[in-house]
DNA sequence: CCAAAAGTGTTTATGATACACCCATGT
DNA sequence: ACATGGGTGTATCATAAACACTTTTGG
């Protein structure tokens with residue numbers, strides 16, 4: 085290594101804002117939090133995250149910390165923003181590269197481990213008090229998600245592989261925070277040609293069962309290549 | 085400081101991708117580069133940037149480095165992405181928080197200083213070979229800019245305070261890379277109510293002088309508060 | 001047979017697109 | 001007078017929005 089830097093160095097961490105959807109109500113949009121096992125903010129709820137290893141890619145670090153502290157595996161992960169206010173961590177200069185992620189199901193109950201006492205899902209609309217500047221990070225991630233589902237098909241990563249059109253509509257209603265017309269929504273989504281109609285039906289519902297659909301990522305890629313822009 | 089971190093620490097830098105517009109042709113969209121005065125990549129063109137000081141905010145660091153190395157003051161600055169591949173810098177682990185910025189005029193010729201031999205504007209479409217992973221950063225910034233002007237009024241920061249509708253249209257044509265209909269463009273922008281018609285005219289043109297307009301940021305804020313979404 | 005959600009078309013309104021000529025100014 | 005870009009209106013087309021009833025299924 086022919087040259088090295090002599091400057092004082094901040095610490096660098098990654099933090100993950102992971103969203104999951106648990107049902108069809110507003111409070112069912114959840115965010116994954118851990119209870120910190122160490123000072124500072126021991127016993128306080130916070131985002132899963134931790135130090136970047138020296139030879140490790142940032143995204144790899146985010147996935148690793150998430151796995152270590154919560155056991156949750158992610159279906160979609162994207163860099164959010166880097167937070168570096170000098171006083172954001174009481175221990176000294178800590179710069180955090182924040183990521184946001186989506187999971188399809190909340191099936192695997194998160195298991196606290198490593199630096200985390202516990203890991204749990206909380207409603208995004210009513211989270212507990214959070215450590216550091218983590219509330220701000222959650223808020224920014226939520227805003228980003230709400231903006232992004234309008235022009236990119238990321239919302240599907242909050243649903244099971246197979247889903248009903250009604251579930252998809254409720255997802256959009258929750259995130260856009262307004263009611264959508266059922267017929268217009270169905271027509272629009274189906275006309276995009278991004279949904280594959282399966283021959284399966286919803287199970288165990290006390291009424292007529294709805295048809296299940298899958299998102300077609302290949303078709304999305306192909307259409308995008310041709311200039312198609314997802315827009316809802 | 086009651087707690088400290090013992091982990092090995094990467095270095096953290098900021099890099100700035102600054103765009104400026106110099107005329108009405110495609111090659112007139114410029115990016116600001118410096119020629120490096122030090123190894124590694126001494127004599128090579130690169131993005132202005134450098135180390136974050138320990139007590140310094142990330143945005144402050146970006147503005148400071150830009151000022152130090154180029155003398156250019158920025159009209160719009162926004163965080164782009166954080167690049168942290170382990171091998172992106174030959175000296176060791178260096179994580180760079182990249183920013184992109186816009187300037188209204190290229191009037192003040194950039195002056196190389198500090199770690200930079202020179203600073204110059206280059207066409208975005210035909211830049212020189214760049215140090216590190218800086219070409220990738222420029223490309224991402226360019227993509228972000230092209231996407232963002234469609235849903236946010238950031239393009240005005242590439243024009244003088246007062247501009248003609250024709251200049252604005254050319255700016256959009258260059259960034260969107262397609263021709264726009266003059267009448268439809270004018271109607272749409274004027275109908276948004278975001279432009280203030282001044283009583284001044286373009287000067288020193290060998291033909292009928294065009295009216296000058298200004299962007300109205302307050303009106304934009306007000307409309308946004310009411311649910312208006314900029315869209316072009 | 002009742003409750004609950006699934007599924008389905010048409011009409012209207014709004015915004016996007018296409019398009020060509022006269023006007024003002026400087027040389 | 002001529003060259004150059006400035007400025008203007010209308011008709012058509014495509015997409016979005018509004019809206020109510022019948023069907024299927026399980027209990």
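Residue numbers (this note's numbering), protein chains in the order written: chain A, 85 to 316; chain B, 85 to 316.
Where a beta carbon is used, it is the ideal one built from N, C-alpha and C, also for glycine.
Taking the C-beta atoms as reference points, residue 120 of chain B is found no nearer than 7 Å to residue 159 of chain B. At a cut-off of 7 Å between beta carbons, residue 203 of chain A makes no contact with chain B. Flagged as an interface residue toward chain B: residue 91 of chain A, by a C-beta distance shorter than 7 Å.
Straight-line spacing of the CA atoms in residue 186 of chain B and residue 128 of chain A works out to 41 Å.
Around the beta carbon of residue 91 of chain A, fewer than 16 other beta carbons lie within 10 angstroms, which makes this residue exposed. Residue-level contact by beta carbon fails for residue 148 of chain B and chain A, as no gap is shorter than 7 Å. Residue 222 of chain A sits in a helix when the DSSP states are folded into three classes. Under DSSP, the beta-bridge partners assigned to residue 207 of chain B are B:114. Shown here, residue 177 of chain A sits in coil according to DSSP, grouped into three states, outside any helix or strand. Remark: C-beta atoms of residue 136 of chain A and residue 96 of chain A approach each other more closely than 7 Å. Under the Cβ distance rule, residue 224 of chain A does not count among the residues neighbouring chain B, no pair being separated by less than 7 Å.
At a cut-off of 7 Å, the C-beta of residue 139 of chain A has a neighbouring C-beta in chain B. Annotation for residue 154 of chain B: the continuous alpha helix (DSSP H) segment containing it runs 142-154. Against chain B, the CB of residue 274 of chain A has no partner CB under 7 Å away; the residue lies outside that interface. Not flagged as an interface residue toward chain B: residue 102 of chain A, since no C-beta distance is shorter than 7 Å. Interface criterion met: the Cβ of residue 95 of chain A is under 7 Å from a Cβ in chain B.
Under a 10 Å Cβ-count criterion, residue 306 of chain B is classified as exposed, with fewer than 16 other Cβ atoms of the shown protein chains found around its own Cβ. Chain-order list of chain A residues neighbouring residue 136 of chain B: 94, 168, 179, by C-beta distance under 8 Å. Contact check for residue 243 of chain A against residue 253 of chain A fails: the beta carbons are separated by 7 Å or more. If you draw a straight line from the Cα of residue 233 of chain B to the Cα of residue 105 of chain B, it comes to about 14 Å. Counted as a single uninterrupted DSSP element, the stretch harbouring residue 306 of chain A is not any beta strand (DSSP E) but the alpha helix (DSSP H) occupying residues 301-309.
Under the three-state reduction of DSSP, residue 213 of chain B is assigned to coil, being neither helix nor strand. The three-state reading of DSSP puts residue 163 of chain B in strand, counting E and B together.
Shown here, residue 103 of chain A sits in a strand according to DSSP, grouped into three states.
In terms of beta-carbon proximity, residue 131 of chain B stays away from the interface with chain A, with every pair separated by 7 Å or more.
By a beta-carbon distance limit of 8 Å, residue 197 of chain A contacts residue 155 of chain A. Their separation comes to about 7 Å. Chain B places a beta carbon closer than 7 Å to that of residue 142 of chain A, counting this residue as a contact.
Closest in C-alpha terms to residue 149 of chain B, from the list B:245, B:295, B:101, B:240, comes B:101.
C-alpha of residue 147 of chain A to C-alpha of residue 110 of chain B: approximately 41 Å in a straight line. For residue 158 of chain A, no alpha helix (DSSP H) run applies, since DSSP gives it neither H nor E. Annotation: residue 138 of chain B to residue 180 of chain A spans about 14 Å, alpha carbon to alpha carbon. With respect to residue 141 of chain B, residue 172 of chain B sits apart: the two C-beta atoms are not nearer than 7 Å.
Counting the other Cβ atoms within 10 Å of the Cβ of residue 222 of chain A gives 16 or more, which makes it buried. With a 10 Å radius around the Cβ and a threshold of 16 neighbouring Cβ atoms, residue 231 of chain B comes out exposed. Cβ-Cβ distances below 6 Å link residue 241 of chain A to 159, 160, 186 in the same chain, with the five nearest sequence neighbours on each side left out; the list follows chain order.
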